[in-house]
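Accompanying notes for the structure given below.
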Amino acid sequence: MRVGDELAPLEIPITRTLIVAGAVASRDYQDVHHDAEAAREKGSPDIFMNILTTNGLVGRYITDHFGPGYRLRKVAIRLGAPNYPGDTMVLTGTVTAVEGDVAEIRITGTNGKGRHVTGSVTVTAAVAEAGSGNEAGSGAHSGRGVAA
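One rule links them: number in the numbering used here = place in the sequence shown (from 1) + 31.
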């Protein structure tokens with residue numbers, strides 16, 4: 032992996048089911064994520080995706096690319112144009128820094144309205160974590176690795 036390497040794009044169809052299931056899974060019961068009429072009453076043309084679902088999709092994009100040999104260390108994202116049902120979000124990434132077993136990737140997710148998500152993700156080779164208590168199946172969780 033080198034600075035400038037680009038990750039293959041990932042197209043994600045934005046469905047009502049994805050939006051609602053993501054909100055429920057993340058315990059975000061705000062009506063704008065599942066009730067189209069309530070969303071319209073609050074000025075939105077339809078229900079829209081919450082940040083935790085977007086965060087999960089960004090995490091999936093990175094872990095699908097890097098595989099089980101790497102761990103998410105930090106996710107720092109910012110939302111822009113909403114993800115509405117019927118649209119498609121395309122995630123892209125570029126490696127911006129590599130230092131030893133740590134890499135930073137710039138992430139962008141675009142849809143028909145513009146940039147839905149921008150930010151960066153830091154990954155670490157799993158070998159670099161050996162003995163840290165964060166190995167898969169150890170039962171330990173430091174709380175690091177997923178931050179919105």
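All residues carry an ideal CB built from backbone N, CA and C; glycine is no exception.
These numbers were taken from a predicted model, which means no experiment stands behind them.
At a Cβ-Cβ threshold of 9 Å, Thr153 and Glu135 count as neighbours.
Restricting attention to Lys73, Asp132 and Asn114, the CA atom closest to the CA of Leu103 is found in Asp132.
Bounds of the beta strand (DSSP E) holding Asn142 are Val133 to Asn142. In the DSSP assignment, His147 falls within the beta strand (DSSP E) that extends over Gly145 to Ala156.
The closest CA to that of Pro99, considering only Ala156, Leu88, Ser151 and Arg33, is found on Ala156. Here Pro44 carries a strand assignment [DSSP, helix/strand/coil].
For Arg58, there is no enclosing beta strand (DSSP E), as DSSP gives it neither H nor E.
Between the alpha carbons of Ser57 and Val89 lies a distance of about 15 Å. Of the residues assessed, Pro40 falls on the exposed side of the cut-off, its CB having fewer than 16 other CB atoms within 10 angstroms. Judged by beta-carbon spacing, Thr85 lies within the 9 Å limit of His147, meaning their Cβ atoms are closer than that value. Around the beta carbon of Asp118, 16 or more other beta carbons lie within 10 angstroms, which makes this residue buried. Here Gly98 carries a helix assignment [DSSP, helix/strand/coil].
Taken through DSSP and simplified to helix, strand or coil, Ala39 comes out as strand. By the Cβ neighbour-count rule, Val106 is buried, with 16 or more other Cβ atoms within 10 Å of its own. Burial is judged here by how many other beta carbons sit within 10 angstroms of a residue's own beta carbon; Gly143 has fewer than 16 and is exposed.
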